[in-house]
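Reviewing the structure listed below.
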Amino acid sequence: MNNYAKQRTLLLIFIGVALVYVSRLFYIQIVDTSYVFYAQNNVLQEQTIYPARGLIYDRNGELLVYNDAIYDLSVIPEQVKNLDTLSFCKVLNIDKEEFINTWARLKRQKGYSPWKPIVFQRQITIPTYAAFQEKLFDFQGFFVEVRTDRKYKHNNAAHVMGYIGEVTDRDIEKSNGYYRMGDFIGISGVERTYEKELGGIKGTRYVLVDSKNRTQGRYKNGEFDTAAIAGKNINLSIDQNLQALGEALLMNKTGSVVAIEPKTGEVLALISSPTYDPNLLVGRERGNKYMELLKDPSKPLFNRPISAPYPPGSIFKVIMSLMGQQEQVLNQNTTYGCHRGYLFVGCHAHGSPLALRGAIAVSCNAYFCQVYRSLINNPKYKYVEDAYNQFYKHAYSFGMGHALGIDLYGEGPGVLKKAEYFDKLYGRHHWQALTTISMGIGQGELGITPLQMANATAAVANRGYYITPHIVKRINNHANPNPEYNTKHWTTIDTSYFPIVIEGMQDVIEHGTAYIAKIPGIEICGKTGTAQNPHGKDHSIFFAFAPKNNPKIAIAVVIENSGFGATWAAPIASLMMEQYLTGKHDTRKDLLERMLKGNLTHRNDSTTTKTK
Amino acid sequence: MTVQQPKPSRIDWITLLLYYIFVIGGLLCIYASVYKETNPNIWDGSMNYGKQLVWIGISSFIGLMILLIDEKFFYAFAYPIYGITILLLILVLVAGTTVKGSSSWIELGGFRIQPAEFAKFGTALALARFLSGYNVNFEKDRKIQLLSGGIIILPMLIILLQNETGSTLVFTSFILVLYREGLPGWILFVGFMLAVLAVMALLMPPIYIIIGLAVLAVIFLLLVRRTAQLIWLTFGVVILAGAMVSSIDYVFENVMQAHQRTRINVLLGKEVDIKGAGYNVQQSKIAIGSGGVWGKGFLQGTQNKFRFVPEQSTDFIFCTIGEEYGFAGSLVFIVLYMILLYRLLMMAERQRQKFNRIYGYSVVCILFFHFVINVGMTLGLMPVIGIPLPFISYGGSALLSFTVLLFIFIRLDANRVNELRGAYD
Numbered sequence: 001m002n003n004y005a006k007q008r009t010l011l012l013i014f015i016g017v018a019l020v021y022v023s024r025l026f027y028i029q030i031v032d033t034s035y036v037f038y039a040q041n042n043v044l045q046e047q048t049i050y051p052a053r054g055l056i057y058d059r060n061g062e063l064l065v066y067n068d069a070i071y072d073l074s075v076i077p078e079q080v081k082n083l084d085t086l087s088f089c090k091v092l093n094i095d096k097e098e099f100i101n102t103w104a105r106l107k108r109q110k111g112y113s114p115w116k117p118i119v120f121q122r123q124i125t126i127p128t129y130a131a132f133q134e135k136l137f138d139f140q141g142f143f144v145e146v147r148t149d150r151k152y153k154h155n156n157a158a159h160v161m162g163y164i165g166e167v168t169d170r171d172i173e174k175s176n177g178y179y180r181m182g183d184f185i186g187i188s189g190v191e192r193t194y195e196k197e198l199g200g201i202k203g204t205r206y207v208l209v210d211s212k213n214r215t216q217g218r219y220k221n222g223e224f225d226t227a228a229i230a231g232k233n234i235n236l237s238i239d240q241n242l243q244a245l246g247e248a249l250l251m252n253k254t255g256s257v258v259a260i261e262p263k264t265g266e267v268l269a270l271i272s273s274p275t276y277d278p279n280l281l282v283g284r285e286r287g288n289k290y291m292e293l294l295k296d297p298s299k300p301l302f303n304r305p306i307s308a309p310y311p312p313g314s315i316f317k318v319i320m321s322l323m324g325q326q327e328q329v330l331n332q333n334t335t336y337g338c339h340r341g342y343l344f345v346g347c348h349a350h351g352s353p354l355a356l357r358g359a360i361a362v363s364c365n366a367y368f369c370q371v372y373r374s375l376i377n378n379p380k381y382k383y384v385e386d387a388y389n390q391f392y393k394h395a396y397s398f399g400m401g402h403a404l405g406i407d408l409y410g411e412g413p414g415v416l417k418k419a420e421y422f423d424k425l426y427g428r429h430h431w432q433a434l435t436t437i438s439m440g441i442g443q444g445e446l447g448i449t450p451l452q453m454a455n456a457t458a459a460v461a462n463r464g465y466y467i468t469p470h471i472v473k474r475i476n477n478h479a480n481p482n483p484e485y486n487t488k489h490w491t492t493i494d495t496s497y498f499p500i501v502i503e504g505m506q507d508v509i510e511h512g513t514a515y516i517a518k519i520p521g522i523e524i525c526g527k528t529g530t531a532q533n534p535h536g537k538d539h540s541i542f543f544a545f546a547p548k549n550n551p552k553i554a555i556a557v558v559i560e561n562s563g564f565g566a567t568w569a570a571p572i573a574s575l576m577m578e579q580y581l582t583g584k585h586d587t588r589k590d591l592l593e594r595m596l597k598g599n600l601t602h603r604n605d606s607t608t609t610k611t612k
Numbered sequence: 001m002t003v004q005q006p007k008p009s010r011i012d013w014i015t016l017l018l019y020y021i022f023v024i025g026g027l028l029c030i031y032a033s034v035y036k037e038t039n040p041n042i043w044d045g046s047m048n049y050g051k052q053l054v055w056i057g058i059s060s061f062i063g064l065m066i067l068l069i070d071e072k073f074f075y076a077f078a079y080p081i082y083g084i085t086i087l088l089l090i091l092v093l094v095a096g097t098t099v100k101g102s103s104s105w106i107e108l109g110g111f112r113i114q115p116a117e118f119a120k121f122g123t124a125l126a127l128a129r130f131l132s133g134y135n136v137n138f139e140k141d142r143k144i145q146l147l148s149g150g151i152i153i154l155p156m157l158i159i160l161l162q163n164e165t166g167s168t169l170v171f172t173s174f175i176l177v178l179y180r181e182g183l184p185g186w187i188l189f190v191g192f193m194l195a196v197l198a199v200m201a202l203l204m205p206p207i208y209i210i211i212g213l214a215v216l217a218v219i220f221l222l223l224v225r226r227t228a229q230l231i232w233l234t235f236g237v238v239i240l241a242g243a244m245v246s247s248i249d250y251v252f253e254n255v256m257q258a259h260q261r262t263r264i265n266v267l268l269g270k271e272v273d274i275k276g277a278g279y280n281v282q283q284s285k286i287a288i289g290s291g292g293v294w295g296k297g298f299l300q301g302t303q304n305k306f307r308f309v310p311e312q313s314t315d316f317i318f319c320t321i322g323e324e325y326g327f328a329g330s331l332v333f334i335v336l337y338m339i340l341l342y343r344l345l346m347m348a349e350r351q352r353q354k355f356n357r358i359y360g361y362s363v364v365c366i367l368f369f370h371f372v373i374n375v376g377m378t379l380g381l382m383p384v385i386g387i388p389l390p391f392i393s394y395g396g397s398a399l400l401s402f403t404v405l406l407f408i409f410i411r412l413d414a415n416r417v418n419e420l421r422g423a424y425d
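Just so you know, the protein sequences line up as chains A and B, in that order. Heads up: the first sequence begins at 1 in this note's numbering, then just goes up one per residue. Heads up: the second sequence begins at 1 in this note's numbering, then just goes up one per residue.
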């Protein structure tokens, strides 16, 4: 092929392309008239169809959260023409200054664009909505969007369910533009963790609107429309009756309750007190109410059961008994004497000497200081650090010292130090059992959240394993798909070491420190704790499970600054277990009455500073 | 022989005239695309045409400078210019600013420039210089062919790293230049067939295409005189084509990015995406389609008023032509553009210096490629690839680089007569 021919070839390619383009232009500009129709005096409006947010039920199918319609006034700034500002302000009941300020605020918003709909005023009242609908044709560019907000059937479980609110700039950025300014998103609790499931998927409808803002019809017969997909319904593992009773019992007290079904890891009740009415955080006033709650010195927004670490106190002796056996420094016949204490750790009056089962029943401090000493000074290990790391490993395997992975935001890890911490504090090999002896009785460098306490109880109840606690039982009637919530996490303690400890825990109820928690006909195993703390009076702590064989419920109760474990925590746990296992809680009227009426808010001046 | 400055009469006035028709016409379109009757101050973008006017001034000045430079400068400095543009491209990778997902911009005292634009004439100069060297035989020498490919592919790779797929693809237009310089025609044909196969593979299951190819091969072999060599060759072609067709899905799903997949699926009609790529194209088609025969007139485009076509002043500027000037206006534009390309082709062919000719062909092919992709995209015939319409689209870097690209060639062409005289005096 010569050069001339090549030049001709190129020219032919050019002309060929030009001819194709010209014929295409001829077709869409002259032959096909539909484009003229779409363009002529018509403008395309993109309307968002909001899906219904998923409903939330309790484990028995009782409805907890549902939706309520609200009306948002939106505007496409580009389409606003000849607006009669005065009558507009009158309908909306605002003054001219507010009108101007709102415009200025909208324009400053990130992602503002004059041809995209933007919310002018949120959640207008129904009378305003009606008045506005009548005059809609006068206000070109404005329209009303119907959305839904949350309503709560019961005033319970605020910390579990969380709340929804408007998206932030960061949410919008992270969602790649899925969320639009003014959309709702789950901000805490289950609403946040399960935003994807509850939120559904927004749909879009394209309609043709004429220059008078009147809808002329669907664009291309709805070819480009997408239907909204409703959010999935969720069943919590919470038992509404148990939750409500627990919240009533904790009224005017500061503390937490966590109840778990040991076999499944399902959380039956999660109570944080003081709490708030979830219906406060809906509607137009959400922002103000939130600020009020935030400023409340009693910290009602603080989710204690999953984030506040407490010294476990004597309930830790249960874990100590198991560790001691596993490390072969303790067996059921090991006997230690107690002469009202061990070195500087005091103890109360009880029979002496005692073997393991009895020591658990009476919660002997001296006994467990001896156990801790023999654990840490175990001759099997060359260095104290290695022995201590065994202690760490066992405690960790019960779920201490790390977030368990519950499906709620803000879970805390608690406090469980590694050997390096003490090395830094005292120098390598320069510390031993006596340096940290208070950990043997659950004090010192130990912090456990009520969730971790309940989880450890569940592990004991299961004789050696736990399933990660979780709040959501079913999504759209299918089991929670997270594999973590279906996996047995085995502790490092051999199953054969559990029975003797469980016997001791039963003794605690039958004739030990928590006799008050006894329910006739139900075999309960538990342990009281009285945790010294720097914030004032001791915390009253109790954990238990029941029935002894085939446990149905494991529970941990912490009542801050209220004294002995048996005074408040044990009776409250007992009443709640009775409710869950028998469906009744009023067989012991005096006890119930006393617990319901107990007001601990004035007893300790330092209540306001008790939590960090 | 002393070097004479070219007299004005030797400058190709037709090309210069066409250049100014496009630039001024483009300015009017940019004005129309950001024009606003009410509250003009809502739109700070209404400054676009003002900025473009400044850029036209700057471009004219630099164009004049180029016309005054000795033409040997471009030959002598072809490699340094290429080197500088490559360095700038690398600099962008290190210290670039990201605009709309592509990190191809450099901030220079308030101005943003896009070195990828300048790499086009840098590469054209280097390629022309390389192929016009002594004893260089592109047709026969395999080493020369590889090195020419390297000159083109190096900037492509760097620009691809900047996530600028559009600008990268522009460099494929050099294949037409190589065709003129001796690349066998069948490579173009094979390339074209591969593209057809690739599109088909995306539209239907590969197995059908392979069966179809096999059937075609059998028919072919039945019709011709069968030699063992020919049978093996046909067999090999079918196998290779089959392998390519089968692997295309994998490349499509795993190598391409999500937005690129969407754009292609939208173009092939497999996916409807009215918000993203599909939205732009749909709106662009409505704007152009509603123009009718004579258009709605200057500043009368309704689609434009409601800002339905995104990026209208840059990548979708052709919508303004189609909507406001209709079929007639679009036809005039296309004819004028073809005249420019034809003119440049003639000019390239009449050069006596190989360097000038190769450079001229590069200019033609780059301008042609931009036209094909940009106009095709607004008509829904090409995937949405964000490259500007030369001389028309808003954008300083683009206008300046197209101006430099074109004016260097005008300058080289202006010396044609001097060369003639030098040779025979």
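Backbone N, C-alpha and C define an ideal beta-carbon position, used for all residues, glycine too. Quantities reported herein were computed from a predicted structural model and do not represent experimental measurements.
When DSSP states are grouped into helix, strand and coil, A/Y310 belongs to the strand group.
Within chain A, the residues whose beta carbon sits less than 9 angstroms from that of B/G376 are V17, V20, Y21, R24, listed in sequence order.
With a threshold of 8 angstroms between beta carbons, B/M338 makes contact with chain A. With fewer than 16 other CB atoms across the displayed protein chains lying within 10 angstroms of its CB, B/W294 is exposed. Here the C-alpha atom of B/I321 lies approximately 31 angstroms from the C-alpha atom of B/G122.
Along the segment 315-352 of chain A, the alpha helix (DSSP H) occurs as fully enclosed runs of 4 or more residues at 316-326, listed in sequence order. As the crow flies, the alpha-carbon of A/T254 is around 10 angstroms from that of A/K299.
Pairing A/Y194 with B/L399, the inter-Cα distance amounts to about 51 angstroms. Between A/T530 and A/V508, the C-beta spacing is not below 8 angstroms. Ranked by Cα distance from A/F498, the first of A/Y465, A/T168, A/S256, A/T487 is A/Y465. Between the alpha carbons of A/A458 and B/M204 lies a gap of roughly 57 angstroms. A/T513 is a Cβ neighbour of A/A566, given a cutoff of 8 angstroms. A/I260 is positioned such that its CB atom lies no closer than 8 angstroms to that of A/G442. In chain B, no part has a C-beta under 8 angstroms from the C-beta of A/D84; the shortest such distance is about 16 angstroms. Less than 8 angstroms separates the beta-carbon of B/G360 from that of B/L344.
Contact residues of the segment 26-37 of chain A toward chain B are F26, I28, Q29, I30, D32, S34, Y35, V36 (C-beta to C-beta distance below 8 angstroms). Under the DSSP assignment, A/F542 falls in the beta strand (DSSP E) whose first and last residues are 536-546. 8 angstroms or more divides the Cβ of A/M439 from the Cβ of A/F543. Contact residues of the segment 280-292 of chain B toward chain A are Q282, Q283, K285, I286, A287, I288, G289, S290, G291, G292 (C-beta to C-beta distance below 9 angstroms). Taking the Cβ atoms as the reference, A/L245 lies roughly 10 angstroms from A/M595, outside the contact range of under 8 angstroms. Beyond the five residues adjoining it in sequence on each side, B/E139 comes within less than 6 angstroms, by CB distance, of G182 in the same chain, given in chain order. Near chain A, meaning a CB-to-CB distance below 9 angstroms, the residues of the segment 314-334 of chain B are G322, E323, G326, F327, S330, L331, I334. Closer than 8 angstroms to the CB of B/L379 there is at least one CB belonging to chain A. When 9 angstroms is used as the limit between beta carbons, B/E349 is near these residues of chain A: N3, Y4, Q7, in chain order. Remark: C-beta atoms of A/L375 and A/M323 approach each other more closely than 8 angstroms. Excluding five sequence positions before and after A/F142, the CB atoms of its chain that fall closer than 6 angstroms to its own CB belong to V75, given in chain order. Against A/L208, chain B offers no close residue; the least beta-carbon distance is about 11 angstroms (beta-carbon pairs closer than 7 angstroms). Within the segment 174-196 of chain B, the residues whose Cβ lies closer than 7 angstroms to any Cβ of chain A are, in chain order, L176, Y179, R180, G185. Beta bridge pairing from DSSP links A/H489 with A/Y466. Closest by C-alpha distance to B/N374, out of B/I385, B/K354, B/V364, B/L197, is B/I385. Around B/Y342, the beta-carbon contacts reaching into chain A at under 8 angstroms are L11, F14. DSSP places A/Y57 within a strand segment (E or B) once states are collapsed to three. Segment contact: the segment 78-91 of chain A against the segment 146-165 of chain A, fewer than three CB-CB distances shorter than 8 angstroms; contact not assigned. Look at the beta carbons and you see the segment 54-66 of chain A touching the segment 220-239 of chain A: at least three pairs across the two are nearer than 8 angstroms.
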